[in-house]
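**Student:** After the structure tokens below, expect a handful of questions from me.
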Amino acid sequence: MMNTQHTATNCPFRFPRSAHAMLGPVLTATGMAVPLPAAASEKPETFVEGGITIDALANQSGGQRRGSRVLGLASVGAGVNDLGSGSLKVSGFVELQIAEGSGFSESVVGDGQVVSNIEAVPGIRPSEAWLELGAAAGRHRIKVGLVDLNREFDMQQVGSMFLNSSHGIGPELSQSGANGPSIFPTTTTAVVYGFEAERWGARVGAFNAVAGDPANPKKTVVPFPGEDGLLLIAEAEHRSESVRTYAGLWAYSTASSYLLHPDDAADDQWRSRGAYAAIETTLATTPTGEKLESWVRVGVANEKVLPVSTYLGGGVRYGTDDRGIGFAIAHARLGDPAIDAAAISGGSARRAETNFELSYVHALTPAVTVQPDIQYVRNPGWDPALDDALVIGLRLSVGFR
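In structure tokens form, the structure reads like this:
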């Protein structure tokens, strides 16, 4: 994610250029999934997997202007699981991603939450490269290396079918950091500890505070964790037969300047920090296997240093693993300092941007999925000068393993 200026309007904010890591929850319907902790994985000891996702998107009205774009993202990964004997097991994973096509949200729609979770600055980047040590039959694990934060934390499983970035990771978290946290498209080094019990789980992570090089989005940087400060994050999760809940806290060790006075030196009392919580529920299951699922997620962040202070999102999904239809809402609200900062700079900002998304996903084969999608964006980019936008699109996903 990059925070860039809204060049064509008076709204000075741009946020999440991210979502899930990419070909994880996005390709759930094809049978592909995010690399799991060693104890939970059913893959053989060695594996290769990958896929291609293509989004054809068109802004039909409102926003910055009418227009269309084709976005693409490909990945290939290889790994090993559960090597070793006895109570200690070693796993590893390496993944490379290639992104092509950008600027649809920034220069066409003008929205801040980003309508496609595969949009990124074009380039070839390593997304993950880590080793993991598991113990006690996988109840304890430690992961070290280049780690995608969103494959460990804030994983909205029901929301993963949708295209909008906020249903991958909350915008109050993805806006943080000099170049975003360690999420798609730019990750960084980390140490993550995880604990898994029958119904409970907990994860704690220490990520380098700066992902990549903010001045050069295409450059790969592999710092020692903590070299630029730390992003500390912790999450607890509870699972039952029909309900999954999780909650997390995060904070940066380095201080940031006040939004209203960005040229001032950072003050220790203004730290980038926040919290989030979500609940996912299976509301009903039919005799033929269709499920009606829902989820709600809320997040907050320090409005003194981060524009989006509050986020509320969620939706419903009905279907099977092969096909499903869903409706989702993503509501991101600016804090008072962000609105005041826009006024001081000579512009203005709406309080909230809200995205409504209707999507249908269908697996044509175990490896090929199509997904028509409609999104309506109210107050795109929080900019009063922009009319509400209507975006239609089609996603094609092809996976292998």
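Under mature numbering (1 follows the signal peptide of the UniProt record, and there is no 0), read the sequence shown as residues -21 to -1, 1 to 380, first letter to last. The beta-carbon is built from N, C-alpha and C at its ideal position, and this holds for glycine as well. Note that the coordinates shown come from a computational prediction; the quantities given were computed from them, not determined experimentally.
Put residue 323 into one of helix, strand or coil per three-state DSSP.
**Tutor:** In the sequence shown, residue 323 corresponds to position 344, counting from 1. DSSP places residue 323 in helix when its eight states are reduced to three.
**Student:** For the alpha helix (DSSP H) that contains residue 153, what are its first and last residues?
**Tutor:** Counted from its first residue, the sequence shown places residue 153 at position 174. Residues 150 to 153.
**Student:** How long is the line joining the alpha carbons of residue 219 and residue 74, rounded to whole angstroms?
**Tutor:** The residue given as residue 219 occupies position 240 in the sequence shown. The residue given as residue 74 occupies position 95 in the sequence shown. C-alpha separation (whole angstroms): 32 Å.
**Student:** What would DSSP say about residue 363, mapped onto helix, strand or coil?
**Tutor:** Mapped onto the sequence shown, residue 363 falls at position 384. Residue 363: coil per DSSP, three-state reduction.
**Student:** Are there three or more Cβ pairs, one per stretch, closer than 8 Å when the stretch 59 to 66 is compared with the stretch 319 to 335?
**Tutor:** Touching, no.
**Student:** Apart from the five residues just before and just after residue 46, which ones in its own chain have a Cβ nearer than 7 Å to its Cβ?
**Tutor:** Counted from its first residue, the sequence shown places residue 46 at position 67. Cβ within range, chain order: 38 and 87.
**Student:** Between which two residues does the beta strand (DSSP E) holding residue 115 run?
**Tutor:** Counting from one through the sequence shown, the residue named residue 115 turns up at place 136. That residue, residue 115, is in no beta strand (DSSP E); it is neither H nor E in DSSP.
**Student:** Excluding five sequence neighbours on each side, which residues of the same chain lie with their C-beta closer than 6 Å to the C-beta of residue 209?
**Tutor:** Taking the sequence shown and counting its residues from 1, the one referred to as residue 209 is at position 230. Once the five neighbours on either side are set aside, the close Cβ partners of residue 209 are 185, 188 and 232.
**Student:** From which residue to which residue does the beta strand (DSSP E) around residue 94 run?
**Tutor:** Counted from its first residue, the sequence shown places residue 94 at position 115. That residue, residue 94, is in no beta strand (DSSP E); it is neither H nor E in DSSP.
**Student:** If you draw a straight line from the C-alpha of residue 117 to the C-alpha of residue 123, how long is it?
**Tutor:** Against the sequence shown, residue 117 aligns to sequence position 138. Against the sequence shown, residue 123 aligns to sequence position 144. If you take the alpha carbons of residue 117 and residue 123, they lie about 16 Å apart.
**Student:** By alpha-carbon positions, which one of 139, 197, 120 and 357 ends up nearest to residue 166?
**Tutor:** Against the sequence shown, residue 166 aligns to sequence position 187. Checking every option, the nearest Cα to that of residue 166 belongs to 197.
**Student:** Can you tell me where the beta strand (DSSP E) with residue 61 in it begins and where it stops?
**Tutor:** The residue labelled residue 61 in the question sits at position 82 within the sequence shown. Unbroken beta strand (DSSP E) run through residue 61: 46 to 62.
**Student:** Closer than 8 Å is the cut-off here; do at least three beta carbon pairs connect the stretch 355 to 364 with the stretch 372 to 379?
**Tutor:** Cβ pair count under 8 Å is below three, so no.
**Student:** Hey, would you say residue 255 sits closer than 8 Å to residue 152, going by beta carbons?
**Tutor:** By one-based count along the sequence shown, residue 255 stands at place 276. By one-based count along the sequence shown, residue 152 stands at place 173. Yes. Within cutoff.
**Student:** So what's residue 201 in DSSP terms, helix, strand or just coil?
**Tutor:** As a first step, residue 201 must be located in the sequence shown, where it is residue number 222. It is coil, neither helix nor strand.
**Student:** Beta strand (DSSP E) containing residue 251: first to last residue?
**Tutor:** In the sequence shown, the residue the question calls residue 251 occupies position 272. Run containing residue 251: 250 to 264, per the beta strand (DSSP E) assignment.
**Student:** Could you spell out the range, first to last residue, of the beta strand (DSSP E) harbouring residue 217?
**Tutor:** Against the sequence shown, residue 217 aligns to sequence position 238. Residue 217 -> beta strand (DSSP E) spans 209 to 218.
**Student:** Would you mind giving the Cβ-Cβ distance between residue 370 and residue 350, rounded to the nearest angstrom? I have them listed as a contact below 8 Å.
**Tutor:** For the purposes of this step, residue 370 is taken as the residue at position 391 of the sequence shown. For the purposes of this step, residue 350 is taken as the residue at position 371 of the sequence shown. Incorrect: roughly 14 Å between the Cβ atoms, too far for contact.
**Student:** Beta-carbon separation of residue 127 and residue 98 under 8 Å?
**Tutor:** Taking the sequence shown and counting its residues from 1, one reaches residue 127 at position 148. Taking the sequence shown and counting its residues from 1, one reaches residue 98 at position 119. No, they are not a contact pair.
**Student:** How big is the Cα-Cα spacing for residue 30 and residue 276?
**Tutor:** For the purposes of this step, residue 30 is identified with residue 51 of the sequence shown, where counting begins at 1. For the purposes of this step, residue 276 is identified with residue 297 of the sequence shown, where counting begins at 1. Taking the straight line joining both Cα atoms gives about 28 Å.
**Student:** Pick helix, strand or coil for residue 380, following the three-state DSSP scheme.
**Tutor:** Position 401 of the sequence shown, counting from 1, holds the residue named residue 380. Looking at residue 380 - three-state DSSP - the assignment turns out to be coil, as it is neither helix nor strand.
**Student:** Give the single residue among 263, 203, 286 and 279 whose Cα lies nearest to the Cα of residue 236.
**Tutor:** Here residue 236 is taken as the residue at index 257 of the sequence shown, counted from 1. Taking only the C-alpha atoms, the option nearest residue 236 is 286.
**Student:** Assign residue 268 to buried or exposed, taking buried as 16 or more other Cβ atoms, counted over all protein chains shown, within 10 Å of its Cβ.
**Tutor:** Numbered from 1 along the sequence shown, position 289 holds the residue referred to as residue 268. Exposed.
**Student:** Residue range of the beta strand (DSSP E) that residue 186 falls in?
**Tutor:** Working through the sequence shown from its first residue, we reach residue 186 at position 207. Taken as a continuous stretch (DSSP letters only), the beta strand (DSSP E) holding residue 186 covers 179 to 187.
**Student:** Tell whether a beta-carbon distance below 8 Å holds between residue 309 and residue 143.
**Tutor:** By one-based count along the sequence shown, residue 309 stands at place 330. By one-based count along the sequence shown, residue 143 stands at place 164. Yes. Within cutoff.
**Student:** Look at the alpha carbon of residue 84 and the alpha carbon of residue 51, and state the distance between them as a whole number of angstroms.
**Tutor:** Looking up residue 84 in the sequence shown gives position 105. Looking up residue 51 in the sequence shown gives position 72. Roughly 14 Å between the two C-alpha positions.
**Student:** Output needed for residue 454: all residues of its chain with C-beta closer than 8 Å, excluding positions within five of it in sequence on either side, in chain order.
**Tutor:** Because the chain here runs from -21 to 380, residue 454 falls outside it and cannot be looked at.
**Student:** Work out the CA separation of residue 163 and residue 78 for me, nearest whole Å.
**Tutor:** Sequence index remark: in the sequence shown, residue 78 carries index 99 (1-based). Sequence index remark: in the sequence shown, residue 163 carries index 184 (1-based). Cα-Cα distance, rounded: 10 Å.
**Student:** Taking C-alpha atoms, which residue in 307, 229 and 168 lies nearest to residue 203?
**Tutor:** Residue 203 sits at position 224 when you count from the first residue of the sequence shown. Residue 168 is the option with its Cα nearest to residue 203.
**Student:** Please report the distance separating the alpha-carbon of residue 296 from that of residue 111.
**Tutor:** Locating residue 296 in the sequence shown gives position 317, counting from the first residue. Locating residue 111 in the sequence shown gives position 132, counting from the first residue. For residue 296 and residue 111, the distance between alpha carbons rounds to 33 Å.
**Student:** In angstroms, rounded to a whole number, what distance separates the CA positions of residue 278 and residue 81?
**Tutor:** Looking up residue 278 in the sequence shown gives position 299. Looking up residue 81 in the sequence shown gives position 102. When rounded, the distance between both Cα atoms is 27 Å.
**Student:** Buried or exposed for residue 177, going by 16 or more other Cβ atoms inside 10 Å?
**Tutor:** Taking the sequence shown and counting its residues from 1, one reaches residue 177 at position 198. By the 10 Å Cβ count, residue 177 comes out exposed.
**Student:** Decide if residue 265 is buried, meaning its Cβ has at least 16 other Cβ atoms within 10 Å, or exposed.
**Tutor:** In the sequence shown, counting from the first residue as 1, residue 265 sits at position 286. By the 10 Å Cβ count, residue 265 comes out exposed.
**Student:** Helix, strand or coil for residue 351, going by three-state DSSP, please let me know.
**Tutor:** The residue you call residue 351 lines up with position 372 of the sequence shown. If DSSP states are grouped into helix, strand and coil, residue 351 belongs with the strands.
**Student:** By the 10 Å Cβ neighbour count, where 16 or more other Cβ atoms means buried, how is residue 146 classified, buried or exposed?
**Tutor:** Residue numbering aside, residue 146 sits at position 167 when the sequence shown is read from its first letter. It is buried - the Cβ of residue 146 has at least 16 other Cβ atoms within 10 Å.
**Student:** Taking the alpha carbon of residue 93 as the point to measure from, which residue in 346, 243, 174 and 336 has its own alpha carbon closest?
**Tutor:** As a working note, residue 93 is residue 114 in the sequence shown. That would be 336, whose Cα lies nearest to the Cα of residue 93.
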